[in-house]
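Visitor: Can you keep this structure in mind? I'll have questions shortly.
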């Protein structure tokens, strides 16, 4: 998901996506600790995506 796509989401959708990505990240990290993932860079990508979405959400809070 690109930054422009994140900006198009409503605040409610953004919060839901952050929660879903967080759950997926936790699951991925647990699975990676048990047996290595094929692509461990997915963890990094997921963390950064969550950070992008949280940044957009915070920006919306500050602009109100």
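Numbering (the numbering used here), first residue to last: 6 to 69. Glycine residues also receive a C-beta, built at the ideal position from the N, C-alpha and C atoms. Here the structure is a predicted model, which is why all the values come from computation and not from measurement.
So the candidates are 9, 13, 51 and 23; which of them puts its Cα closest to the Cα of residue 59?
Guide: Here residue 59 refers to the residue found at position 54 when the chain shown is read from its first residue. The option with the nearest alpha carbon to residue 59 is 23.
Visitor: Ignore the nearest five residues each way along the sequence and tell me which others in residue 47's own chain have a CB closer than 7 angstroms to its CB.
Guide: What you label residue 47 is simply residue 42 of the chain shown in a count that begins at 1. The residues are 33.
Visitor: Can you tell me which of 67, 26 and 62 puts its alpha carbon nearest to the alpha carbon of residue 13?
Guide: For the purposes of this step, residue 13 is taken as residue 8 along the chain shown, with counting starting at 1. With distances taken between Cα atoms, residue 13 lies closest to 62.
Visitor: In terms of residue numbering, what span does the alpha helix (DSSP H) encompassing residue 60 cover?
Guide: As a position in the chain shown, residue 60 is number 55, starting the count at 1. Residues 46 to 68.
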